[in-house]
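Take a look at the structure below.
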Ligand code: PXG
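Residue numbers (our numbering): -2 to 281.
Following this line, the structure appears as structure tokens:
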């Protein structure tokens, strides 16, 4: 069976799953989304993703036309309907179709659930670690679209990603408007120095990642000293270990930043331990 996409309560074959070219999601990037994983037929941290989606919606004054509990059920239904055991979900709410102007008042939001597969980083990269650059594009100022909103406006992050790809890397670190480390284009960043795990706080201009929060819990339970702290590029360059967290990447080491080798240039021991705990947890 071809992938079936859920749109506003109805299933469509992937190729017939369409929305209007007048949708403000397309015209203006006016909308929000979540990326989720399915592990062993179960949606990982579904309630957390639903909560974040409704917070994003509220922040951009978009009223999702169904209650959170119904959307949660719809996501589970779409996974069962597609018989997906391990995969990836893209949950999208657009402002909806309106006129060719910014005014959203005529728009009726569209809800879309795509259950598909995910392209993972090659397995070897989890051992060798990623090489990243620092981007010249800054993460959104909190008084622009706040980075805590997972909006359909990813242009800054995409430009940073293009910059990384041009430099021969797969990811880029983005700084905030104060020059502090924010996060990567689609992942949060952690550093380890002298045994202490640190990551920028939510108000540093980051998406408060669900994987980030889960890894913080794992670290606390494992007795790894942890702090939320503002970080500079210097803290990144001199770290003993660096890793990224995200729905797509899970937990992955970074072993080179702007041509500086991090630690001994391999996945570090605390990263390996946390990655091990993460992998175990998603199998439970
Ligand atoms: N920061 C940003 C800017 C993100 O977009 C994360 C951090 C990590 O958050 P979670 O909640 O996933 O731990 C994200 C998530 C992709 C892709 O295809 C990116 C994300 C999610 C799903 C897929 O690159 N970004």
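Glycine included, each C-beta is placed from N, C-alpha and C at the ideal position.
Heavy atom of the ligand PXG within 7 Å of residue i beta-carbon
| i | result |
| --- | --- |
| residue 209 | yes |
| residue 95 | no |
| residue 52 | no |
| residue 244 | yes |
| residue 183 | yes |
| residue 227 | no |
| residue 122 | no |
| residue 154 | yes |
| residue 69 | no |
| residue 180 | yes |
| residue 32 | yes |
| residue 206 | yes |
| residue 4 | no |
| residue 47 | no |
| residue 57 | no |
| residue 159 | no |
| residue 213 | no |
| residue 203 | yes |
For residue i, the residue or residues it bridges with in DSSP
| i | result |
| --- | --- |
| residue 224 | 195 |
| residue 235 | Paired residues: none, contrary to the question. |
| residue 253 | 128, 258 |
| residue 148 | 29 |
| residue 169 | 130 |
| residue 282 | Here the chain comprises residues numbered -2 to 281, so residue 282 is not present and cannot be evaluated. |
| residue 241 | 186, 249 |
| residue 1 | 10 |
Anticipated Cβ contact below 8 Å, residue i with residue j, distance rounded
| i | j | result |
| --- | --- | --- |
| residue 165 | residue 251 | That pair is no contact at about 15 Å. |
| residue 29 | residue 50 | 6 Å |
| residue 123 | residue 249 | 6 Å |
| residue 184 | residue 242 | 6 Å |
Runs of alpha helix (DSSP H) lying entirely within the region 171 to 206, each at least 4 residues, in chain order: none
In chain order, each alpha helix (DSSP H) run of at least 4 residues that lies wholly inside the region 3 to 37: 21 to 25
Taking the runs of the beta strand (DSSP E) that are 3 residues or longer, which of them lie wholly in the region 36 to 115? 84 to 94, 105 to 113
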